[in-house]
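Notes follow once the structure below has been shown.
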Amino acid sequence: MVHHDEYHIHKAKILTPSFYVLLFFTVLGFLLIGVRFVKGIGAVSNMSDGYPWGIWIAYDVATSTALACGGYAMAIIIYIMNRMKYHPLIRSALVTSMFGYMLAGMSVMVDIGRYWNSYSFFIPSRWQTNSVMFEVAVCIMAYNVVLMIEVLPAILERFIHSETTRFPKLKHYALIIYPRLDKVLIFIVVLGITLPTMHQSSLGSMLIIAKSKLNPIWHTEFLPLLFVINALYIGYSVVIFESFMSSISFNRPFESEIQRLSKVIPYVTAVWLFVRFADLWYRDQLGAAFAGDYNSWMFITEILLISGGTFILMWRQYRTSPRMVFISAMLLLIGGGWYRFNVYLLGFKPHGNWSYFPSLPEFFITIGLVAFEILGYMVLVKLFPIMPKLHKHEAQTAQAH
Amino acid sequence: MKTTRRNFLKTAAMGGALIAAPLSLRAQEEITANENAVGMLYDSTLCVGCKACVTKCKQVNDMAAAPAPTDKDRLWDSPPDLDYRTRNIIKLYKEDEDGKNWAYVKYQCMHCVKPSCVSACPVSAMQKEEGTGIVFYDKNKCIGCRYCQIACPFNIPKFEWPEAFPKIVKCDLCKFTNLKLKGEPACCETCPTGAVIYGKRKDLLAEAKRRLAANPEKYQKEIYGEYEVGGTNVIYIAGTTFENLGFPELEHDSAALMSEHVQHTLYKGFIAPVALYGFLAMVALKNRKTKQQVEHEHETDHELEEEIKKELKHKDGGK
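Residue numbers (this note's numbering), protein chains in the order written: chain B, 14 to 414; chain U, 29 to 347.
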């Protein structure tokens, strides 16, 4: 299971202009988080008793954890479907997943009112296993730990191969831990597939209880199934997106594995679209879905984005063009995220006169946390062996540039 | 890949559960209120809108005043709606401004027979008291996730948005205050016209039916809360429609039961997740072996092990 020769440290300057831009937004976000903790949630957000969940939940938790499903989706392909050729992509996917779930975790701590009581989750007498939220919370906490363990080998390798003698103790421990971790890592990896299957589906189940508030276009008992499939294609799209972005911003050639990966996506989205429409038909909601009102347009947008992305990837000539692959991945990311927003916010209408649009500070807290996530990723890949090693011929072309 | 039949069946557990959960025949367990469940009956036709119950509720439960925005002296308590300072409120429905057709309505927690907030709360901060069926809140367990607010079909739990250390606020039938001291909730104790009365749910339901039967022309035919979301312990009778009084039209099935049904199908005894893990681990281990064989040929594995051994030896020798 040792694939130490597949990855390398991206050797580049850490303190780039984009680093400072991201740092600015991170600091701004954290200042506003400070305001939230001193003056209360009402002081920085537009949430209300009618819309008790805003973008901190709809984006930072419900959508961002899907965007962080790259590690999950890749692990299924690599370890379960046994396509080892994709293995070089797993580490960067795992690191993005780690930061994505960290973002969700931090956001939850900002969002929950009585954060000092969160130890309640560790007191069995308080466990409430009927609660979907309980399953989601425990599962996401566990997965955060799993992701950190999965990323650990990259960190250890760095110390093992370090030439400087600055941290002799660290190197010693790394040498001891690494082979042992390597032996059990497969069990952690499998846990890293099981846990997201559980909590990604539960993220869908979460809104089942709000039946009178969630529009019937989205409210169905198939929410868990739809959410878990949605997480998969978002996961694959995000791996493509991320590889494309790093090939641009880090001046690396486009990874050839990505194009092969794009073949998988239409199968996944086709299943999703089938379940989505079959469910609407079964519940007799197709009419409402195409009625042409606000909710209907939100639904149509969601479907157009997802089927558009799927359509492009069905054609071989498009799959060979990195640009088209990137465009379709973007369509699927936005469409998949749109679906989650529909379920958590746009299709949610409580009884009475309530409305919600996020406030500026609310936006900037989310942006700050996302900036922090990207910042962490950019620093980590420049310190530890995470990026896939360039293939020989690709390396040559890269040098020629 | 060799898959035994048993293992195949095991995977079917989780994969299938996600599909089976919604389709499986739901033995919609009958939601029945406990014999001793207590609640309130509010008769809109008797209410004169004096709001004594609003004041008394605040007094007894130590709630802050909610002055109107125009009230510069901040002398008056005039809450516009239920909020974190107001557990109970009287509102007025008017058909038009000349006021021929009007009716008062009282809002507070409905104390559902199958409360969604209790089903939603991850840490048992919302609870339904055994026997009485009173739905109450424990701030010492609450994490402030506001899932109870999402879940409640009546939008009853309120959150202290302006507070740095907020809590959820909702009616608990004065469980810790008036009910404990005087045997009935403050609003019922103080109501001068008997528009809201306290009692066992079955008695209140019988009383409501008696009033409806005695004066069929005065009342709407339905008793709001008799069947809504599986029934509520606070029930309403009125002269005008419940839609006019601002109540949502709700199904008789409980969404909390639906949610628990899906959740229990997926997680009962934790069988499906464990089966999924076992199956995935088996496949992954099998794949790993073949991968290792391949790698053995390349001897990369071997090389690193040697490298590590050498390093360790080197270190030990150096000491």
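Just so it is clear, CB atoms sit at the ideal spot from N, CA and C, and this is done for glycine as well. Please read these numbers as outputs of a predicted model, since none were measured by experiment.
In the three-state DSSP reduction, Lys156 of chain U falls in the strand class (E or B). Under DSSP, the beta-bridge partners assigned to Met68 of chain U are U:Tyr226 and U:Val262. Per DSSP, Leu373 of chain B lies in no beta strand (DSSP E); the unbroken alpha helix (DSSP H) holding it starts and ends at Leu373 to Leu396.
Taking C-alpha positions only, Gly300 of chain B is separated from Phe298 of chain U by approximately 39 angstroms. In the DSSP secondary-structure assignment, Pro401 of chain B is bridged to B:Tyr20.
Counting C-beta atoms within 10 angstroms of its own C-beta, Ala25 of chain B has fewer than 16 neighbours from the protein chains shown and is therefore classed as exposed. Assigned with DSSP and collapsed to three states, Phe287 of chain B falls in helix. Sorting B:Pro335, B:Ile278, B:Leu245 and B:Leu239 by C-alpha distance to the C-alpha of Pro266 of chain B places B:Pro335 at the top.
If only complete runs of 4 or more residues are kept, the stretch 170-230 of chain B shows the alpha helix (DSSP H) at 181-218, in order along the chain. Membership of Tyr246 of chain B in the alpha helix (DSSP H) is indicated by the continuous run Leu236 to Ser262. Sequence-distant Cβ neighbours of Val251 of chain B in its own chain, meaning closer than 6 angstroms and more than five residues away, are Leu80 and Gly83.
Taking a contact to require three or more Cβ pairs closer than 8 angstroms, the stretch 311-327 of chain B and the stretch 346-357 of chain B qualify as touching. By the CB criterion at 9 angstroms, Ala75 of chain B and Pro150 of chain U fall outside the cutoff. Three or more beta-carbon pairs separated by less than 8 angstroms are not found between the stretch 191-198 of chain U and the stretch 72-84 of chain U, which leaves the two stretches without contact.
The Cβ atoms of Ser131 of chain B and Met122 of chain B lie closer than 9 angstroms to each other. Rounded to the nearest angstrom, the gap between the Cα atoms of Ile263 of chain U and Cys152 of chain B is 39 angstroms. Among the residues of chain B, those whose CB is under 7 angstroms from the CB of Glu191 of chain U are Gly53, following chain order. A direct Cα-to-Cα measurement between Gly161 of chain U and Val141 of chain U gives close to 7 angstroms. The beta-carbon separation of Thr73 of chain U and Lys246 of chain U, rounded to 6 angstroms, stays under the 8 angstroms limit for a contact.
Nearest to Arg296 of chain B by C-alpha distance, out of B:Asn228, B:Arg329, B:Phe37 and B:Asp306, is B:Asn228. Around the beta carbon of Glu158 of chain U, fewer than 16 other beta carbons sit within 10 angstroms, so the residue counts as exposed. Secondary structure within the stretch 266-302 of chain U: the alpha helix (DSSP H) runs of 4 or more consecutive residues, fully enclosed, are 283-295 (chain order). Among the residues facing chain U, Val281 of chain B is not included, as its CB has no counterpart in that chain under 9 angstroms away.
Counting only Cβ-Cβ distances below 8 angstroms, Asn129 of chain U has no contacts in chain B at all, with the closest Cβ about 21 angstroms away.
Only those residues of the stretch 98-126 of chain U whose C-beta falls short of 9 angstroms from the nearest C-beta of chain B are listed: Asp109, Leu110, Asp111 and Tyr112. Residue environment: Trp66 of chain B is assigned as buried (16 or more neighbouring CB atoms within 10 Å of its CB, all protein chains considered). Annotation: Arg171 of chain B to Pro192 of chain B spans about 14 angstroms, alpha carbon to alpha carbon.
For Phe267 of chain B, there is no enclosing alpha helix (DSSP H), as DSSP marks it with neither H nor E. Rounded to the nearest angstrom, the gap between the Cα atoms of Tyr165 of chain U and Gln155 of chain U is 6 angstroms.
Using a Cβ-Cβ cut-off of 9 angstroms, Gly258 of chain U does not count as an interface residue toward chain B, since no Cβ of chain B sits closer than that to its own. In the three-state scheme derived from DSSP, where H, G and I count as helix and E and B as strand, Lys142 of chain U is classed as coil. In the three-state DSSP reduction, Lys203 of chain U falls in the coil class, being neither helix nor strand. The beta carbon of His212 of chain B is closer than 8 angstroms to those of Thr78, Glu148, Val149, Cys152, Ile153 and Tyr156 in its chain, skipping five residues each way along the sequence. Per DSSP, Val121 of chain B is one residue of the alpha helix (DSSP H) stretching across Ile103 to Asp124.
With respect to chain U, the C-beta atom of Asp124 of chain B has a partner C-beta closer than 9 angstroms. Here Gly365 of chain B has Gly63 as same chain residues with Cβ atoms under 7 angstroms from its own Cβ, once five neighbours each way along the sequence are excluded.
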